[in-house]
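Residue numbers (our numbering), protein chains in the order written: chain W, 5 to 135; chain H, 41 to 168. Glycine residues also receive a C-beta, built at the ideal position from the N, C-alpha and C atoms.
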């Protein structure tokens, strides 16, 4: 089917660039992007456990990399992705229960998850540096 | 009903053409609910009760409840991650060979991370 010429000429559905961006569309795309990003986060967290199991020297070395400027930037992005994916995941669970589909409610909850993602990451970093 | 091409047996089994029914959907939601509890617990417990130093984390991980919770977080999270990435691969990678290779990698990587995480937690727990 894929190699057949007549099949390849069939019209395609409009792709991303033709749509006006609206918040419910953005939150859906961010949810998937954040989930993919958290794949790297899971690897970093597993690496942290390995460093912990390998003793104080490797643990301090690993933490040294994580707390370097680039390390902190990556950690902040992953923390924001985790907070956002968590908040929007709860929004999806509410949708699974059949509630919150009204356009105004869905738009408001969409903005709320974006705010929750940024705010959650700031709170986690504040706690990490205060304690 | 009489026009349906589905047999009464297939309708009773309710597994559809892909043969797994709604298990992928349900597993993703069930792991999501537990992760919504485990991840905030893990982050807040570490942030509030340790200073992030090796000694403090080792002491924290020496508590059975904390070690078990961290292992549960790793296993639940990595399974949820695998289910999610599977959908992404099936959506975007259409070449059969590339898709198969990606799906195999998406099975191997979470499995490897899960074993490494649990063994590391066990080692820290026993040594603490």
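Indicate the three-state DSSP secondary structure (helix, strand or coil) for residue i in the structure shown.
i, result
"residue 113 of chain W", "helix"
"residue 18 of chain W", "coil"
"residue 58 of chain W", "coil"
"residue 69 of chain W", "helix"
"residue 28 of chain W", "helix"
"residue 106 of chain W", "coil"
"residue 135 of chain W", "coil"
"residue 91 of chain H", "coil"
"residue 89 of chain W", "helix"
"residue 61 of chain H", "coil"
"residue 56 of chain H", "coil"
Would residue i pass as a contact of residue j if the rule is Cβ separation under 8 angstroms?
i, j, result
"residue 114 of chain H", "residue 154 of chain H", "yes"
"residue 28 of chain W", "residue 92 of chain W", "no"
"residue 63 of chain W", "residue 94 of chain H", "yes"
"residue 114 of chain W", "residue 88 of chain W", "no"
"residue 86 of chain W", "residue 79 of chain H", "yes"
"residue 160 of chain H", "residue 53 of chain W", "yes"
"residue 60 of chain H", "residue 123 of chain H", "no"
"residue 157 of chain H", "residue 83 of chain W", "no"
"residue 168 of chain H", "residue 67 of chain H", "no"
"residue 73 of chain H", "residue 97 of chain W", "yes"
Given this structure, state the Cα-to-Cα distance separating residue i from residue j, to the nearest angstrom.
i, j, result
"residue 126 of chain W", "residue 140 of chain H", "39 angstroms"
"residue 120 of chain H", "residue 142 of chain H", "17 angstroms"
"residue 116 of chain H", "residue 71 of chain H", "6 angstroms"
"residue 87 of chain H", "residue 133 of chain W", "9 angstroms"
"residue 104 of chain H", "residue 67 of chain W", "24 angstroms"
"residue 71 of chain W", "residue 111 of chain H", "24 angstroms"
"residue 21 of chain W", "residue 101 of chain W", "32 angstroms"
"residue 8 of chain W", "residue 128 of chain W", "In this prediction, residue 8 of chain W scores a pLDDT of 49, lower than 50, which makes its location untrustworthy; the coordinate-derived value is nonetheless stated afterwards. Residue 8 of chain W and residue 128 of chain W: Cα-Cα distance of roughly 53 angstroms."
"residue 107 of chain W", "residue 125 of chain H", "28 angstroms"
"residue 135 of chain H", "residue 84 of chain H", "43 angstroms"
"residue 49 of chain H", "residue 131 of chain H", "30 angstroms"
"residue 57 of chain H", "residue 102 of chain H", "48 angstroms"
"residue 38 of chain W", "residue 59 of chain W", "32 angstroms"
"residue 117 of chain W", "residue 45 of chain H", "44 angstroms"
"residue 119 of chain W", "residue 52 of chain H", "45 angstroms"
Return no unless some Cβ of chain H is closer than 8 angstroms to the Cβ of residue i.
i, result
"residue 5 of chain W", "Legend: pLDDT at residue 5 of chain W = 44, less than 50; position of this residue unreliable, no value from coordinates given."
"residue 33 of chain W", "no"
"residue 123 of chain W", "no"
"residue 128 of chain W", "yes"
I want to see whether chain W comes within less than 8 angstroms of residue i, judged by CB atoms only; does it?
i, result
"residue 66 of chain H", "no"
"residue 139 of chain H", "no"
"residue 97 of chain H", "yes"
"residue 72 of chain H", "yes"
"residue 124 of chain H", "yes"
"residue 118 of chain H", "yes"
"residue 87 of chain H", "yes"
"residue 129 of chain H", "no"
"residue 69 of chain H", "yes"
"residue 148 of chain H", "no"
"residue 94 of chain H", "yes"
"residue 59 of chain H", "no"
Checklist entry - What residues in the region 64-89 of chain W have a beta carbon less than 8 angstroms from any beta carbon of chain H? => result So the list reads 64, 67, 86, given in the order they occur along the chain.
Checklist entry - Which residues, in chain order, does the region 47-60 of chain W contribute to contact with chain H at a C-beta distance below 7 angstroms? => result 47, 50, 53, 54, 56, 57, 60
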